[in-house]
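First the structure, in the form of structure tokens, and then the observations on it.
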Amino acid sequence: MIELAPSILSADFSRLADQMQVAAEGGAAVIHVDVMDGHFVPNITLGPPVVKSLRRATKLPLDCHLMIENPGEYIPAFADAGADWISVHQEVDRHLDRTLHLIKDHDCLAGVVINPATPVEMLTDVLDIIDYVLVMSVNPGFGAQKFIPAALHKIRRLAELRAKRGLQYRIEIDGGISLETVGDVVRAGAEILVAGNAVFGKGDPKSNAQNLLKAANEAAMIKV
Ligand code: DX5
Ligand code: ZN
683 MIELAPSILS ADFSRLADQM QVAAEGGAAV IHVDVMDGHF VPNITLGPPV VKSLRRATKL
743 PLDCHLMIEN PGEYIPAFAD AGADWISVHQ EVDRHLDRTL HLIKDHDCLA GVVINPATPV
803 EMLTDVLDII DYVLVMSVNP GFGAQKFIPA ALHKIRRLAE LRAKRGLQYR IEIDGGISLE
863 TVGDVVRAGA EILVAGNAVF GKGDPKSNAQ NLLKAANEAA MIKV
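Residue numbering for the sequence shown follows the numbering used here, starting at 683 and increasing by one per position.
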């Protein structure tokens, strides 16, 4: 099943409740929340207090993508604020296994994110404990960047590994997803599609979301 996860990074931060509502009307299944610390990535966004407010403003699950150093230290704060899914970058966590268990102990879905330069093989020993893998198809830090096609073979590889090992994790893709790229990522095996600029960048977020989902579902039908 294909799910759309609009990223509020490209939304109007003064109207997040309204923007999430419009995204939901457009078929969003989950709200993608980009957390940046100005250290791991060269940008700063939001933290647990904002997640707490988002939690009150939508019923959709909150998918918190932590682009921060020392993510393990902040898991309780994000979980308590109302995060439903929490993903951490493989590149920053020297104790990834511990952090993933901490996320699950807080009753959240646990995900690992890999940057464009990180191979899927770095996840070999955690694939059996995670709920989802988030493949970055841009270098994290900013919205509205160009899709990096090398992400496609990673999605295929993750789908192959999952079948071979009989695992259940879902595959999420983040960065540069638009009407031009959505078909390729779905045909490669992506199931959760993050989209910031393509939903909130210009025009009507509701119809933008609907059009993206329609294109994704059409690509999924062709794949089957
Ligand atoms: C980038 C973020 C993305 C971003 C995607 O660091 O992780 O979630 O919002 O934005 P678009 O869809 O505009 O590439
Ligand atoms: Zn993200």
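Virtual Cβ for every residue (Gly too), placed ideally from N, Cα, C.
*State the Cα-Cα distance for the pair residue 878 and residue 738, rounded to the nearest angstrom.*
21 Å
_Burial state of residue 806 (16 or more Cβ within 10 Å)_ = exposed
*Three-way DSSP call (helix, strand, coil) for residue 766 in this model*: coil
*Locate the beta strand (DSSP E) running through residue 688, then write down its first and last residues.*
685-688
*asked:* Using a 10 Å radius around the Cβ and a threshold of 16 neighbouring Cβ atoms, would you call residue 691 buried or exposed?
replied: Burial call: buried.
_Applying the 10 Å Cβ sphere with the 16-neighbour rule, what's the burial state of residue 765?_
Residue 765 is buried by the Cβ-count criterion.
*asked:* Measuring only the C-alpha atoms, how far is residue 735 from residue 743?
replied: Whole-angstrom Cα-Cα distance: 13 Å.
*asked:* For the beta strand (DSSP E) containing residue 749, name the first residue and the last one.
replied: 744-749
*Is there contact here, the region 860-868 with the region 719-726, by at least three beta-carbon pairs under 8 Å?*
no
*Just the residues with CB closer than 6 Å to a heavy atom of ligand 2, in chain order, which are they?*
689, 714, 716, 747, 856 and 876
_C-beta atoms of residue 816 and residue 747 nearer than 8 Å_ = yes
_Taking the beta carbon of residue 801 as the centre, do at least 16 other beta carbons fall within 10 Å, making it buried, or is it exposed?_
The residue is exposed, with fewer than 16 neighbouring Cβ atoms inside 10 Å.
*With distances taken between CB atoms, is the gap from residue 730 to residue 760 smaller than 8 Å?*
yes
*Decide if residue 831 is buried, meaning its Cβ has at least 16 other Cβ atoms within 10 Å, or exposed.*
exposed
_So, under 8 Å CB-CB, residue 749 and residue 718 are touching, yes? Tell me the CB distance rounded to an integer number of Å._
5 Å
_Burial state of residue 931, where buried means 16 or more other Cβ atoms lie within 10 Å_ = No answer is possible for residue 931: the residues shown for the chain start at 683 and end at 906.
*Would you say residue 826 touches ligand 1, meaning its beta carbon is less than 7 Å from a heavy atom?*
yes
*What do you reckon, are the CB atoms on residue 775 and residue 792 nearer than 8 Å?*
no
*Decide if residue 856 is buried, meaning its Cβ has at least 16 other Cβ atoms within 10 Å, or exposed.*
buried
*Cβ of residue 692 within 7 Å of any heavy atom in ligand 1?*
Yes, since a heavy atom of ligand 1 falls inside the 7 Å radius drawn around the Cβ of residue 692.
*Check whether residue 881 and residue 894 have beta carbons under 8 Å apart*: yes
*What residues are listed by DSSP as bridge partners for residue 716?*
747
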